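*Asks:* Quick one: this structure, given as structure tokens, is what I'll be asking you about.
This is the structure in structure tokens:
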């Protein structure tokens with residue numbers, strides 16, 4: 078596992094083939110990327126009326142002068 082650059086975790090307990098281990102590691106990395114913090118989507122702003130919107134919407138409304 079170390080030679081492949083794959084951590085030896087419980088995910089790989091019953092994996093015996095190299096191709097299966099590499100494929101599983103690629104899948105785990107893709108899943109971790111989707112859970113990663115993305116400020117455009119995850120960061121929230123609150124306006125003076127108490128409405129909560131994401132960063133992109135807040136910046137658009139601010140640019141239009143609606144906030």
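Numbering (my numbering), first residue to last: 78 to 144. Backbone N, C-alpha and C define an ideal beta-carbon position, used for all residues, glycine too. Keep in mind it's a predicted model, so treat the numbers as computed, not measured.
With a threshold of 16 other CB atoms inside 10 Å of the CB of residue 83, please say whether the residue is buried or exposed.
*Replies:* Burial call: buried.
*Asks:* Can you grab the Cα-Cα spacing for the pair residue 79 / residue 130, in whole Å?
*Replies:* Using only the alpha carbons, I get a separation of about 44 Å.
*Asks:* Can you list, in chain order, the stretches of the alpha helix (DSSP H) that have 4 or more residues and sit fully within the region 95-128?
*Replies:* Fully enclosed alpha helix (DSSP H) runs of 4 or longer: 95-112, 116-119.
*Asks:* By DSSP's criteria, residue 131 is part of a beta bridge. Which residues make up the other side?
*Replies:* Beta-bridge pairing links residue 131 to 121.
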